[in-house]
């Protein structure tokens, strides 16, 4: 074994078996007396110290082993035999024979447990009946758990756990209560990362708990003791909650004087290890001076390993005894790690790293490989536990020390590579090292001293009324805000120290220049990182397997910082490369099989399907040829698992459970890697990539068939540096470059894969966590509003009402204290999650995704290979910047913000209807993103800035027929483009909702109207130019309007019937929601019709067009149906609106009537008289037309029928005139002119109408006379009915025969023809 810190190679075995002659020769290097003094100084007795030179015999390497053996003799009688007061095995674990299968998931070491049922319970294997005992529980999640003690006779189930029965006692920090059949308040709330100490005193009969070493007081007294009463540590957990126990197998984090851990520490080994450590420390602080013949004292931080034989032989004797001890968990944490932490705490970071580096050199030099590997495993696991479960202190000193030691260990190349290969991702959840936990109790974290002055924003109620209630900031508020901001800055600077250490650790893991002794660290990291991503992508339904999202957020930001550092460093030495600001993922990575995307969905569907359907495009565009035989084999394997036997149910269960167990408590235990993660093919998707033979031709020229060389894509397990970075004959990850891609290198290929994994991380859980953390800010706003309301009531309350004043003062104090607490927590969240630097990281990822999508789009059909998460990250990251970071930092200050908005707009406009994208979810996401985009002025302007041909293509896709596709979001987009231009359509919130509880002003539906005249003009041009665009689009709109309004009427009938029943009943909230949705859809469809008829009236009124008359008649029919249903007084609609049921808030007369009025006004009060007359005749010809419905709009009562009762005098009538703030005087005048025109026209039509024989009426609508005959079947109807029917179906309405033609039919002409024939 070799070490770079030594001048020569030594083996442990040679030191142990040195001959006497050799020893004499080696001893002669220094004076015998000096050597004896040196060895006595190193191996001095802890009890008697170094004996006087006159009273001791000379000590040399010949008699040193006997001296060391005597030095290490320890009386270990105490550890032998059964300890009084305790029953059970000396190694205390959780009792795995208790029948918890299926209810709990227990780690392989039987110390970690995860809840897997409603309420599972487990106890330890050892109990106590006498004395004082303690054990610790490491809280990994802060949910519902009951921790404590129980007796063997306690019986539990999924409803009752520890503390719910007699003789069982528990503490529940989630609900802050103690349990023993009954429950009372006790203790403090716990959080993930806390440690609960459970103490039982069976001498006094008391039981108590500590949280992070702070006593919570006595919980229970007068415990039952005596014959048969022994208490087991026990816990009950709800689903997904997880903890780890420490019964004494490791040093207690918070030992309590007088209380003994359930498992005895290895006393004898501990004493030996401490003595050997003392000897080792002396070696570091004492130096031999052969010239002067004396020992020289020096600082251990200055020690250097120069290869002196005397020192090396001395160390060999120390490690001969020390090495076996350093494999034990307890001794590594209690002895070695404490020693290393002392080095880190005392010296400068540079000195500490130098000393730790040399110590690791010595470990690798004097210990066998398996010994040093076990030691390093236990050391890193202990460091992770200490870091994760350390309390937050004001200066974050504990976290800083642990991270510095971690970094010092990882700076040692050989140790780093071993830990990367075997420990960091395989045996523990190393992502924890990059997490900064948020303190639940701000007082204990010192935030009160760090931020003495609190402040919170005083927002006005969110009613969208232009901030009428906003007040100017007073001098006192300004001073408080500035003091609060200064405190936040102090906190941020302390957190940045921790973040910088975490980034430095990641830089070590991403180092690609340490390839002297094998593969560089970066390439080991890539393999493990990809497995980590697979674990989280493939285990989405198995929550215990997943890395907690709060860890992922921190890991992503640190990874982005380290990645950009190396990216720009490569650019500095390679001018042709790109800066990190220009980063993107080249499209060939998505289809050349060099990067594994597991089972993640591609834009075009399944990978196997794409490989089959696009194999010709792969060959022509990317020089990738797939062997048909290999493709067929891979396809069959993908379908029915031909290559692997089907696992049994038990095997499948174990395969699911093993990753759960491995990650139960954050991976802090030495557990085996899940078998399915160790598969060389990494799951089904990569199995296809591994079996499909791919021919990759690197030159950018057409090659003959003979030049095509078959190669296989390498899987993640087998890749080397050359496979990733490439060589002179191969482009590595970038094989298969399409012609559209530039030849210049972006950066190192390995960094491209890290970037790809970072984008995937954001899609897995980071975005959801960013949205979750906004809850703290929402809580602050709610409490601030409650405090302001309380202060207003205090000012208005009469002084004589002292009882009310007292209650209000009490409420004010509660709200103020809560706000003080929340504002300090908010400062922490802003510093760790929503800082300016974190915002720039998310913004960079957004730009990376945009450039990746743009480059992928240029490859044509190969764009379908791109994973869906690139589009979803582009959409979600923009949403996060706007909604999560926006309230704290302005998006306008981001570099290139306007350009980025425009590029995202172009992507949404082009791809929301892209036929290459087949996934329903991603298509819906694109549609919803575009719908939200056009609701905000700044993003709508970005849509208007994209190239004209893209805008026209977008509008053309919006005008596609609604059938056979999701149309609600499309219609919503068109409505938003019109909102602000329609009749009475300038409101943000409906008039009747202004007095209700304020809503979130950031919702897209609550934005101020911002119509786009540019996009409206594009719509008008397309409807005019396309001969069949307008008919098909309007036919689909009319069909959907007919369906939506009919569904709405049917549902409100059911709701009305339920409301009128005498017995108590409940209306399903889901039914109410669907009913309101149908109403909103009806209104929005009417608004689209209003926009269409306003922009392009000739579609309905120019009867030279073949479909205009039919469309106008259908429109009139629907408008009359809506008016009749909505305007009839005391009818169904009126009664339901009066009920004001929760869920039907949006259902009211105003929105639907003003939409109908806008259409009627455009038809009847605008344009030339000829068009107005046509529209009037069609409207009046419809049998459902009633003039009273038009009068209703202006609040005019309908004439009373003879004998009818007078209306109630206090009844409030609907009238457009009552909405002066929403409807202009000009619009009201137009309605009045329309009413006058219809009144006159209806009187003329009534005088001129002739009675019609019932037999001559259309048998479909019974409203119009028969005017058309179908050929060849001969059935008859009116022209309006058959034209409408033929828009959707070519079969006869009656006999289902195919209609070849429709001819005019006149009864008189038909009768005369029949007579002539007779």
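In this note's numbering, the protein residues as written are 15 to 1332.
Ideal Cβ positions, reconstructed from N, Cα and C, are used throughout, including at glycine.
Practice prompt. Enumerate in chain order the residues of its own chain whose CB-to-CB distance from residue 1301 is below 7 angstroms, with the five nearest sequence positions on each side excluded.
Written response: As a working note, residue 1301 is residue 1287 in the chain shown. Within the same chain, residue 1301 has close Cβ partners 1049.
Discussion item. Which of the three DSSP states is assigned to residue 983 in this structure?
Written reply: Your numbering for residue 983 matches position 969 in the chain shown. Assignment of residue 983 by DSSP, reduced to helix, strand and coil, places it in the helix class.
Item to complete: Kindly give me the distance between the Cβ atoms of residue 846 and residue 509, rounded to whole angstroms, as I take these residues to be in contact under 8 angstroms.
Response: Here the question's residue 846 lines up with position 832 in the chain shown. Here the question's residue 509 lines up with position 495 in the chain shown. Sure, about 6 angstroms apart at Cβ, within 8 angstroms.
Worksheet item: According to DSSP, which residues form a beta bridge with residue 274?
Response: On the chain shown, residue 274 is found 260 positions in, with the first residue counted as 1. In the DSSP output, where bridge partners are listed per residue, residue 274 has 147.
Item to complete: Helix, strand or coil for residue 881, going by three-state DSSP, please let me know.
Response: The residue labelled residue 881 in the question sits at position 867 within the chain shown. Residue state, collapsed to three classes: strand.
Worksheet item: Excluding five sequence neighbours on each side, which residues of the same chain lie with their C-beta closer than 7 angstroms to the C-beta of residue 432?
Response: Locating residue 432 in the chain shown gives position 418, counting from the first residue. In the same chain as residue 432, and ignoring 5 residues on each side of it, the C-beta atoms closer than 7 angstroms to its own belong to 387, 390, in chain order.
Discussion item. Our contact map puts residue 147 next to residue 234 with C-beta atoms below 8 angstroms; I'd like the distance itself, whole angstroms only.
Written reply: Working through the chain shown from its first residue, we reach residue 147 at position 133. Working through the chain shown from its first residue, we reach residue 234 at position 220. In fact, because the Cβ distance is near 15 angstroms, the residues do not count as touching under 8 angstroms.
Worksheet entry | contact_flag[the region 625–635, the region 890–903] where n(CB pairs < 8 angstroms) is 3 or more | no
Fill in: Residue span of the beta strand (DSSP E) that contains residue 212, given as start and end
Walking along the chain shown from the start, residue 212 turns up at place 198. Here the beta strand (DSSP E) through residue 212 covers 209–215.
Worksheet item: How many angstroms separate the CA atom of residue 1314 from the CA atom of residue 1051?
Response: Position 1300 of the chain shown, counted from the first residue, corresponds to residue 1314. Position 1037 of the chain shown, counted from the first residue, corresponds to residue 1051. When rounded, the distance between both Cα atoms is 26 angstroms.
Item to complete: Taking residue 858 as the reference, give the member of 1008, 887, 981, 883 with the closest Cα.
Response: In the chain shown, counting from the first residue as 1, residue 858 sits at position 844. Among 1008, 887, 981, 883, the Cα nearest to that of residue 858 is on 887.
Practice prompt. Report yes if the C-beta distance between residue 920 and residue 966 is below 8 angstroms; otherwise report no.
Written response: Against the chain shown, residue 920 aligns to sequence position 906. Against the chain shown, residue 966 aligns to sequence position 952. With contacts defined as CB atoms closer than 8 angstroms, residue 920 and residue 966 fail to qualify as a contacting pair.
Practice prompt. Report the partner residues of residue 744 according to the DSSP bridge assignment.
Written response: Position 730 of the chain shown, counting from 1, holds the residue named residue 744. 741.
Practice prompt. Ignoring anything shorter than 4 residues or poking outside the region 1106–1164, list the alpha helix (DSSP H) runs there in chain order.
Written response: 1112–1115, 1122–1141, 1146–1153
Worksheet item: Under the DSSP definition of a beta bridge, which residues are partnered with residue 1284?
Response: Stepping through the chain shown from its first residue, residue 1284 is reached at position 1270. Paired residue(s): 1316.
Discussion item. Contact defined as beta carbons within less than 8 angstroms: I believe residue 1256 pairs with residue 1167. What is the distance between those atoms, to the nearest angstrom?
Written reply: Position 1242 of the chain shown holds residue 1256. Position 1153 of the chain shown holds residue 1167. With 8 angstroms as the limit, residue 1256 and residue 1167 do not qualify as a contact, their Cβ atoms being about 20 angstroms apart.
Worksheet entry | Pair within 8 angstroms by beta-carbon distance, residue 410 and residue 336 | Within the chain shown, the letter at position 396 stands for residue 410. Within the chain shown, the letter at position 322 stands for residue 336. No, the Cβ-Cβ distance between residue 410 and residue 336 is not below 8 angstroms.
Item to complete: Can you give me the Cβ contacts of residue 850 inside the same chain, cut-off strictly under 8 angstroms, excluding the 5 residues immediately before and after it?
Response: The count along the chain shown starts at 1 and reaches residue 850 at position 836. 903, listed in sequence order.
Practice prompt. Could you name the residues that DSSP lists as bridge partners for residue 9?
Written response: Residue 9 is absent from the model: the chain starts at 15 and stops at 1332.
Worksheet entry | Nearest-angstrom Cα separation, counted from residue 257 out to residue 679 | Within the chain shown, the letter at position 665 stands for residue 679. Within the chain shown, the letter at position 243 stands for residue 257. With a pLDDT of 30 at residue 679, under the threshold of 50, the modelled position of this residue cannot be trusted, and the question is left open.
Worksheet item: Considering only C-alpha positions, which residue in the set 278, 181, 356, 75 is nearest to residue 106?
Response: In the chain shown, residue 106 corresponds to position 92, counting from 1. With distances taken between Cα atoms, residue 106 lies closest to 278.
Worksheet item: Smallest Cα separation from residue 263: which of 392, 223, 359?
Response: Here the question's residue 263 lines up with position 249 in the chain shown. That would be 392, whose Cα lies nearest to the Cα of residue 263.
Item to complete: Quick one: residues in its chain with C-beta nearer than 7 angstroms to the C-beta of residue 970, no 5 flanking neighbours on either side, listed in chain order?
Response: Numbered from 1 along the chain shown, position 956 holds the residue referred to as residue 970. Result list for residue 970: 1036, in chain order.
Worksheet item: Nearest to residue 45 by alpha carbon, out of 1250, 595, 74?
Response: Within the chain shown, numbered from 1, the residue matching residue 45 stands at position 31. Nearest C-alpha to residue 45: 74.
Worksheet entry | Spatially closest choice to residue 1133 from 1094, 1165, 1114, 1173, by CA coordinates | By one-based count along the chain shown, residue 1133 stands at place 1119. Ranking the options by Cα distance to residue 1133, first place goes to 1173.
Practice prompt. For the region 864–884 and the region 579–591, state whether three or more C-beta atom pairs, one from each stretch, are separated by less than 8 angstroms.
Written response: no
Discussion item. Taking a contact to mean a Cβ-Cβ separation below 8 angstroms, would you say residue 161 touches residue 212 in this structure?
Written reply: By one-based count along the chain shown, residue 161 stands at place 147. By one-based count along the chain shown, residue 212 stands at place 198. Closer than 8 angstroms, so yes.
Worksheet item: Quick one: what's residue 182 bridged to in DSSP?
Response: To locate residue 182, count along the chain shown from 1; it is residue 168. Partner(s): 164.
Worksheet item: Do you know whose CA, among 766, 832, 218, lies nearest residue 470's CA?
Response: On the chain shown, position 456 is the one that residue 470 refers to. If we check each option's Cα against that of residue 470, 832 comes out closest.
Worksheet item: Is residue 596 near the ligand MG, going by C-beta to nearest heavy atom under 7 angstroms?
Response: Although the ligand MG was asked about, the structure shown includes no ligands whatsoever.
Worksheet item: Secondary structure at residue 220, three-state DSSP: helix, strand or coil?
Response: Along the chain shown, one-based indexing puts residue 220 at 206. Of the three classes helix, strand and coil, the one that applies to residue 220 here is strand, per DSSP.
Worksheet item: Helix or strand or just coil, what does DSSP make of residue 141?
Response: Sequence index remark: in the chain shown, residue 141 carries index 127 (1-based). Secondary structure of residue 141 (DSSP, three-state): strand.
Worksheet item: What residue from 448, 506, 534 has the CA that sits closest to residue 520's CA?
Response: Indexing the chain shown from 1 puts residue 520 at position 506. Of the listed residues, the one whose Cα sits closest to residue 520 is 448.
Fill in: Helix, strand or coil at residue 395 [DSSP, three-state]
Looking up residue 395 in the chain shown gives position 381. Of the three classes helix, strand and coil, the one that applies to residue 395 here is helix, per DSSP.
Worksheet item: What residues in its chain sit with their C-beta under 7 angstroms from that of residue 599, if we drop five residues either side in the sequence?
Response: To locate residue 599, count along the chain shown from 1; it is residue 585. Hits under 7 angstroms: 766, 769, 770, 866.
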